[in-house]
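In our numbering, the protein residues as written are 1 to 267.
Just so it is clear, CB atoms sit at the ideal spot from N, CA and C, and this is done for glycine as well.
One structure below.
Shown next, in the form of structure tokens:
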């Protein structure tokens with residue numbers, strides 16, 4: 001294991017789902033492996049009300065876990081006004097550092113587009129009122145996502161991250177023009193990800209984060225391992241360091257500092 005990842009500039013997994021059964025059933029071991037890999041903190045991201053509550057239960061037991069509260073677009077079709085009220089209440093918890101993940105997903109269409117837009121708009125309004133960072137899920141829905149964010153007065157709010165970014169170079173430029181952030185998963189390490197790699201190579205150092213999106217998207221060279229877990233973020237960091245011609249320790253340090261700044265984490 002590279003020594004640079006287990007010294008003072010530890011990594012942060014800026015987006016994971018530790019409540020999912022494949023990870024929660026072995027959580028102590030998962031967290032121990034993350035610590036061994038130099039992952040000092042993790043952001044556990046809720047996908048609905050119950051999942052956010054479960055994430056908070058984990059964070060109450062582990063000081064290195066932080067929580068984002070949100071309704072994923074896949075969950076929008078069944079989300080109610082009561083769910084939105086519950087998420088809004090959860091956003092007030094001191095362990096919640098962001099709103100989301102929220103957004104639009106037109107790839108799977110697990111929820112109809114109107115429901116996705118309604119739930120997305122409502123969550124953006126909550127985030128603006130509470131002045132919280134926002135985690136965006138956007139898949140094959142870039143134009144509608146941006147239009148809704150502009151309507152919600154998000155353009156002048158820099159605390160927005162497009163998590164698991166897989167968009168085009170043009171979309172990345174548009175995100176950057178608005179002062180927003182990108183976070184990269186193991187997808188950037190895949191052999192067929194040349195355009196995404198070009199985006200990651202050139203994106204400004206101070207707007208870059210790394211994540212696993214665990215339990216999904218294991219990076220090379222552990223792509224065949226399931227589930228993905230926070231310890232594996234070191235592989236994505238190592239790939240990005242090589243891609244960007246940066247020392248691994250420097251990239252680990254900068255992405256951790258970016259994540260702390262974005263989520264307003266102390267220390």
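Cutoff 7 Å; reference residue i; Cβ partners in own chain excluding five residues on either side
i: residue 189; result: 219, 220, 235, 236, 239
i: residue 132; result: 91, 98, 99
i: residue 261; result: none
i: residue 171; result: 142
CA nearest to the CA of residue i, picked from the options
i: residue 100; options: 74, 112, 108; result: 74
i: residue 158; options: 181, 171, 150; result: 181
i: residue 96; options: 67, 18, 120; result: 67
i: residue 136; options: 102, 85, 254; result: 102
Residue i to residue j span [Cα, whole Å]
i: residue 72; j: residue 245; result: 35 Å
i: residue 12; j: residue 205; result: 15 Å
i: residue 177; j: residue 217; result: 28 Å
i: residue 308; j: residue 140; result: Since the first residue of the chain shown is 1 and the last is 267, residue 308 is not available in this structure.
i: residue 138; j: residue 104; result: 5 Å
i: residue 14; j: residue 250; result: 17 Å
i: residue 20; j: residue 198; result: 32 Å
i: residue 22; j: residue 192; result: 27 Å
i: residue 196; j: residue 210; result: 14 Å
i: residue 146; j: residue 107; result: 17 Å
i: residue 17; j: residue 29; result: 15 Å
i: residue 82; j: residue 248; result: 45 Å
i: residue 252; j: residue 10; result: 6 Å
Any chain D beta carbon closer than 8 Å to residue i
i: residue 257; result: Absent from the structure is chain D; it holds one protein chain and no more.
Sequence-distant residues of its chain with Cβ nearer than 6 Å to residue i (five each side left out)
i: residue 34; result: 230, 231
i: residue 7; result: With a pLDDT of 48 at residue 7, under the threshold of 50, the modelled position of this residue cannot be trusted, and the question is left open.
i: residue 55; result: 19, 44, 46, 67
Nonlocal neighbours in the same chain, by C-beta distance under 8 Å from residue i, ignoring five residues either side
i: residue 148; result: 104, 117, 120, 121, 124
Check: Counting Cβ pairs closer than 8 Å, one from the segment 138-153 and one from the segment 104-124, do we hit at least three?
Finding: A contact exists between the segment 138-153 and the segment 104-124.
For the segment 144-200, which segments carrying the alpha helix (DSSP H) assignment without a break, of at least 4 residues, lie completely within its bounds, in sequence order? Taking 4 residues as the shortest admissible run, the segment 144-200 contains the following complete alpha helix (DSSP H) segments, listed from N- to C-terminal end: 169-177.
Cβ pair count under 8 Å reaching 3, the segment 56-67 against the segment 37-45 = By the C-beta criterion, the segment 56-67 is judged to be in contact with the segment 37-45, since at least 3 inter-stretch pairs fall below 8 Å.
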